[in-house]
Every structure is written in structure tokens, then in C-alpha cells.
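Peer 1: In the numbering used here, the protein residues as written are 2 to 519.
By construction, the Cβ of each residue, glycine as well, lies at the ideal position given by its N, Cα and C atoms.
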Amino acid sequence: MRTTNSSPSAASLLVSLLTCLLISPQTYSADPASQEAALKYIPKAVAASLEKNQIPKEAISISVIEIEPGRPGKVTAKTEVDWRSKQAMNPASTMKLLTTLSGLDILGPQYRWRTNIYTDGIIRQGILKGNLYLQGTGDPKLVPEELAKMMKELQNLGIQKIDGNLFFDRSAYASSVMEHNTIDGESLRAYNVPPDPLLYAFRTLSFQLSKSRTADFIDLSYTPALSQLKVVNQMQLVDHSCDNWKSNIRFNLEPEGISNTDQPLTAQFSGAFPSSCKGVNFNIVALDANTFLTQGIAAAWELAGGAWTQPPIGKDGAVPLAARLLLQFEGIKLADDVVDINKYSNNVMARQVLLTLALEKMGKPATTANGDLVIQSWLKQNGLNFTDLVIENGSGLSRNEAISAEQMNQLLLTARNLPVAEVFYNSLPIAGTDGTMRNRLMAHLRKFLHLKKKPEARIKTGSLADVRAISGYVMSTSGKMYAVTSFINHPNAWRGLEAHDQLLAWLLDDGPEPKQAR
């Protein structure tokens, strides 16, 4: 599927999906004989770790396949380890691999989201007399740097002052997907931010705290800039370890329950802050979407050198038919967004990629169900029949999402045969280097420092309460490429990190040998 200017109906997409079931070729070409003879074992070091950490073997699934060069432009696979690999399990954030790979292949790595700005007024002598209407399509990385570019483009239209208010058109998404539902009740945590067609800076206030280098006081700054926010710092420096710095800090934002988007705000910090902390971030989702966006735009416009006749009020509102388009702003490329999603496991960005698939292929308002339908159709076109797959939001932040380890490895194999293979591969966290794998396998990787061509593990991680997951590629010391997926679903899953690291270390060392079986 490729992006076109037309948006097929749900009915036509259903027909397409059914057609795919009948005629699509099977691209997952693991040798059936080798799959039948797959080694039904858990590697010795992994089994020992599971036993030590009181994780039953029935709580883990493992699939390892060796990806082998086939005819030009195609690769095949040989199954090496198969332990409960067909069992559908909760994959946590490894589900993002399905969302990002399908997004890259369907939309293309160069895809950019558009944020349109309309007005019902006129520009005269540098003053825009009229309202601005922002219409979003779900740009997941409309961050301060991008908003600054947008404001500059507005100024280039000859605008120095704005005499009007702000209206936000979020018609691209169904209202149901914007509801702030959480699986853990932590509505103020950044990882729980709901989708928004006009998502700005992940709707997260990020405060940077650090002991001053020049005196005994606390430096405190924040991003993004908001036009009506005052920060009051009443914290005291204490001579403590920085390990649990957040536990002794109290944060308060007043007034609560804001309805007037131009109302002054006060963020107050009190409590104790360890002098040993060199720089930490305190992130919180404390403002409603309209207040956050209104004050963010107001501040960005002023920072760009623009002015307001009066502080703007922002509210929901559809673009009037008579409004004219002032600016179509394009965000960063999908390929760059996918790096953030996979390396840093950004939940709301992944959810917005799923909704973008629905928006581009089935029209607005985008729903998760339509995004699911688009991905299911794409899977069938690639010969993948994932009967046990459950997509709830595409990010893995879910108790209901499910996929098997074998299916995830089929996906990883399929990726190697797609034009976006390297873009996808490069988006995965590198063990010992970056993302969520930055501090993993470091001791083991030191063994390879003397090698000219070093082995590597590119692994997407996932974690929820009772869930630990890994999925990605390992390049071994001998140059073999393995796709590896393992899920642990158990109350002791939090102890499973060691077992997963043992599995990856084993593959880095070219582990799959019959003599290693247990």
C-alpha cells in the first residue's frame, strides 16, 4: 500500500483485505523442515537465570531464526530456537515494531505530517486582524524547535502583530481516541499522554533541575516556553545521594482546573534537592491540551519577535468554510520520527502513526479500529496471517495487545525484504550505545573491542508490570544475522532482564549449536 491523494472507503479496504487473503504470496520462507526440527530448548544460561529468578519456563516464549541470504534481493530464514513461540503473549512496547514497520512501508520514510493555519481576517500594515485556526493531522513531533520554524514562516507572510484569538481544529481524530484513559491511573505521567491531532511537545512540561556550578543554589529551567507560567523555587539543597531525588520534592501548579487559557499559572517546587544531582528532569502532564497549546504558541510567537494585541484565548473550533489558508507547515520526516519511537519507546508517537495510517487510507476521523484494519491488510499483502494478533493502540501500552514470538520474527524477516529495511534496522536501540538498550550488555560487548568488525544487537525492548520483552536483530561474531524475540508474562517478569541479556549474549557468541541444548 502506498499513500495516494484519495482515501478509499472502509468497504473497499475490506474488499482489498479479503482479496489479499486469497492471492497474496507467502513471503515468510523459513524452511518447513527446519521448523519441524527446530531445537525445542531454552539455552542453558537463560534457563539458569529463569530458575534463579523464579520465572517458570511456561511464562517465557523464545523464537530465534537465522536470516540467510537468498536469491538477489531476498532473504530466507532457518529456525534455531523455538520455545513456545506460537503462544500469543503480551509484547509490551515491542508492538511498536509492527506499527513503525507498517507505517514506513505504507506511508514511506519521507512522509511528513501537515499542520494547516487558516485565518478569517486580513493582514494590513503588518497586523493580522482576525483569528488563527490551526488544523492538525497528528504530527507526533511538533516540538518547540518546529513551532519556532512555523512562527518564522508566519512572520514571512508580513505579520508582526496578531489581533485575534486561536481556534484548534482536531477533526482529524475521532473523539474516542483522544480520551485520557490509562492502564495504571497515572494520568500526569508523560508516557500516558493521549493522541492529539495538534499534539505540542508531547503536552509535557519538562523541568531541568541541577545544583548551580557557581554557588549553593538550585538552577531550575523548563521547556517548552509558556506565555503565562511563573516558576517559584522553594527547594532546599541537602547533602544526600541523587538516587531517589524525586521522592523529597513537592510540586504544585496553580490554579488547578484551568478553563481560561490566558490565565497566569504558578508552578511551585518545595522540599529537598540533593546537592549531588548534576542535572535531572522532572516531567509532568499538568495542563489541559488547549491551555498548553495556547500558551505555547503565544510564547513561541513572542520569542520569534512577534506581538499580540492582547493575550490570545484558545478554544476548540472547526475551520470556517470562508477561512483562507495562510500556511501549510510540514513536520519532520517519518523516518526520523520512527527513530524516536523505537529507540526511546515513545508511546503517543506510536499511537499517532497508527492513527495516521487510518487517516491517510480511510479518511477522517481516524480511529484505532481503522488503523488496525489498514495494518491487517498490509500484513496479508506481505503474506503474513497473524490470527492471534490483537492491536489496541499500536504502542504496546496495553493489557490487551497480543502477538506471538514467532509472528514477531516473521515480521523482522519480512522487514529485511522491504525497501525500508535499513531505515527500520537503524531505528532500533543498539545495545551498549543508545536508547533503551544504552546500558545493556556493556560488560559482554567489551569482549569484542579488539575486533575490527564488531558484533551488535539492535533490540526493541518492552516492559509493563508483569511483562518483559525483547525483539530485534543480533549480528554475531561470525557475521551471522539472527532475528530474536522473547516475551515473559509473569508477576516476576521484572526479574527477567538478566535472562533476556543472557539470550542476547549467547547469540552474539554464535550460540545456536545443538551441543548447547538443555
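If LEU429 and LYS461 are in contact, beta carbons under 8 Å, what's the gap, nearest whole angstrom?
Peer 2: Position 428 of the sequence shown, counting from 1, holds the residue named residue 429. Position 460 of the sequence shown, counting from 1, holds the residue named residue 461. Right, their Cβ atoms sit about 6 Å apart.
Peer 1: If ASP164 and MET179 are in contact, beta carbons under 8 Å, what's the gap, nearest whole angstrom?
Peer 2: For the purposes of this step, residue 164 is identified with residue 163 of the sequence shown, where counting begins at 1. For the purposes of this step, residue 179 is identified with residue 178 of the sequence shown, where counting begins at 1. Wrong, their Cβ atoms sit about 30 Å apart, outside the cutoff.
Peer 1: Just grab the DSSP bridge partners of ARG459 for me.
Peer 2: As a first step, residue 459 is located in the sequence shown; it is residue number 458 there, counting from the start. According to DSSP, which records beta bridges pairwise, ARG459 is partnered with ILE431 and TYR474.
Peer 1: Is the beta carbon of TRP567 less than 8 Å from the beta carbon of PRO195?
Peer 2: In the structure as shown, the chain starts at 2 and stops at 519, and residue 567 therefore has no counterpart that could be examined.
Peer 1: From what residue to what residue does the beta strand (DSSP E) around GLN209 run?
Peer 2: On the sequence shown, residue 209 is found 208 positions in, with the first residue counted as 1. Element bounds for GLN209: 206–212.
Peer 1: Distance, Cα to Cα, ASN6 vs LYS362?
Peer 2: Within the sequence shown, the letter at position 5 stands for residue 6. Within the sequence shown, the letter at position 361 stands for residue 362. At ASN6, the pLDDT of 41 sits below 50, so the modelled position is not reliable and the matter cannot be decided from this model.
Peer 1: GLY127 and ALA173 look like a contact to me (Cβ under 8 Å); what is the Cβ gap, rounded to whole Å?
Peer 2: If you number the sequence shown from 1, residue 127 lands on position 126. If you number the sequence shown from 1, residue 173 lands on position 172. At roughly 32 Å, the Cβ-Cβ gap does not stay under 8 Å, so GLY127 and ALA173 are not in contact.
Peer 1: Since LYS130 is in the beta strand (DSSP E), which residue starts that stretch and which ends it?
Peer 2: On the sequence shown, residue 130 is found 129 positions in, with the first residue counted as 1. Start and end: 128–130.
Peer 1: Rounding to the nearest angstrom, what Cα-Cα distance links ALA301 and MET151 in this structure?
Peer 2: One-based indexing of the sequence shown puts residue 301 at position 300. One-based indexing of the sequence shown puts residue 151 at position 150. Their backbone Cα atoms lie some 9 Å apart in a straight line.
Peer 1: Who does ARG469 pair with in a DSSP beta bridge?
Peer 2: The residue given as residue 469 occupies position 468 in the sequence shown. ARG469 is bridged to SER464 and ILE489.
Peer 1: So, helix, strand or coil for ALA78, using DSSP?
Peer 2: Numbered from 1 along the sequence shown, position 77 holds the residue referred to as residue 78. Here ALA78 sits in strand by DSSP.
Peer 1: Judging by CA-CA distance, which residue of ALA175, ALA367, ALA287 and LYS448 is the nearest neighbour of ARG190?
Peer 2: Indexing the sequence shown from 1 puts residue 190 at position 189. Of the candidates ALA175, ALA367, ALA287 and LYS448, the one whose C-alpha sits nearest the C-alpha of ARG190 is ALA287.
Peer 1: For GLY436 and ASP337, I'd like the C-alpha separation in whole angstroms.
Peer 2: As a position in the sequence shown, residue 436 is number 435, starting the count at 1. As a position in the sequence shown, residue 337 is number 336, starting the count at 1. Their Cα atoms are separated by approximately 14 Å.
Peer 1: In its own chain, which residues sit with a C-beta less than 6 Å from the C-beta of SER62, not counting the 5 before and 5 after it?
Peer 2: Along the sequence shown, read from residue 1 onward, the residue named residue 62 stands at position 61. Leaving aside the five residues that flank SER62 on each side, the residues in its chain whose CB is nearer than 6 Å to its CB run, in chain order, ARG85, SER86, GLN88, MET90, ALA406 and PHE488.
Peer 1: Can the beta-carbon of THR95 be found closer than 8 Å to that of ALA432?
Peer 2: Residue numbering aside, residue 95 sits at position 94 when the sequence shown is read from its first letter. Residue numbering aside, residue 432 sits at position 431 when the sequence shown is read from its first letter. Contact: no.
Peer 1: Between the Cα of ILE314 and the Cα atoms of PRO265, PRO321 and LEU335, which residue gives the shortest distance?
Peer 2: Mapped onto the sequence shown, residue 314 falls at position 313. The shortest C-alpha separation from ILE314 is found at PRO265.
Peer 1: Is it buried or exposed, TYR567, if we count other Cβ atoms within 10 angstroms and call 16 or more buried?
Peer 2: Given that the chain is displayed from residue 2 to residue 519, the structure contains no residue 567 and the question cannot be resolved.
Peer 1: So HIS491 and PRO57 are supposed to be a Cβ contact under 8 Å. How far apart are they, rounded?
Peer 2: For the purposes of this step, residue 491 is taken as residue 490 along the sequence shown, with counting starting at 1. For the purposes of this step, residue 57 is taken as residue 56 along the sequence shown, with counting starting at 1. So it is a contact: roughly 7 Å between Cβ atoms.
Peer 1: Indicate the three-state DSSP secondary structure (helix, strand or coil) for ASP317 in the structure shown.
Peer 2: As a first step, residue 317 is located in the sequence shown; it is residue number 316 there, counting from the start. ASP317 falls in the strand class under three-state DSSP.
Peer 1: Quick one, are the C-beta atoms of ALA367 and ALA175 less than 8 Å apart?
Peer 2: Translated into positions along the sequence shown, residue 367 becomes position 366. Translated into positions along the sequence shown, residue 175 becomes position 174. A contact, by the Cβ cut-off of 8 Å.
Peer 1: Touch check for the segment 412–424 and the segment 97–104: three-plus C-beta pairs under 8 Å?
Peer 2: In short, these stretches touch, since the Cβ pair count reaches three.
Peer 1: By a C-beta neighbour count over all protein chains shown, 10 Å radius and 16 as the cutoff for buried, is SER64 buried or exposed?
Peer 2: Taking the first residue of the sequence shown as 1, we reach residue 64 at position 63. The residue in question, SER64, is buried, as its Cβ has 16 or more Cβ neighbours within 10 Å.
Peer 1: Can you tell me which of ALA226, VAL239, VAL232 and LYS231 puts its alpha carbon nearest to the alpha carbon of LYS212?
Peer 2: Here the question's residue 212 lines up with position 211 in the sequence shown. Selected option, being the one with the closest Cα: VAL239.
Peer 1: Just tell me which of LEU419, ARG204, LYS97 and PHE425 has its CA closest to the CA of ILE285.
Peer 2: Residue mapping note: residue 285 aligns to position 284 of the sequence shown, counting from 1. Taking only the C-alpha atoms, the option nearest ILE285 is ARG204.
Peer 1: Inspect the beta-carbon positions of ARG171 and ASP373 and report whether they are closer than 8 Å.
Peer 2: Counting from one through the sequence shown, the residue named residue 171 turns up at place 170. Counting from one through the sequence shown, the residue named residue 373 turns up at place 372. It is not a contact, given that the beta carbons lie outside the stated cut-off.
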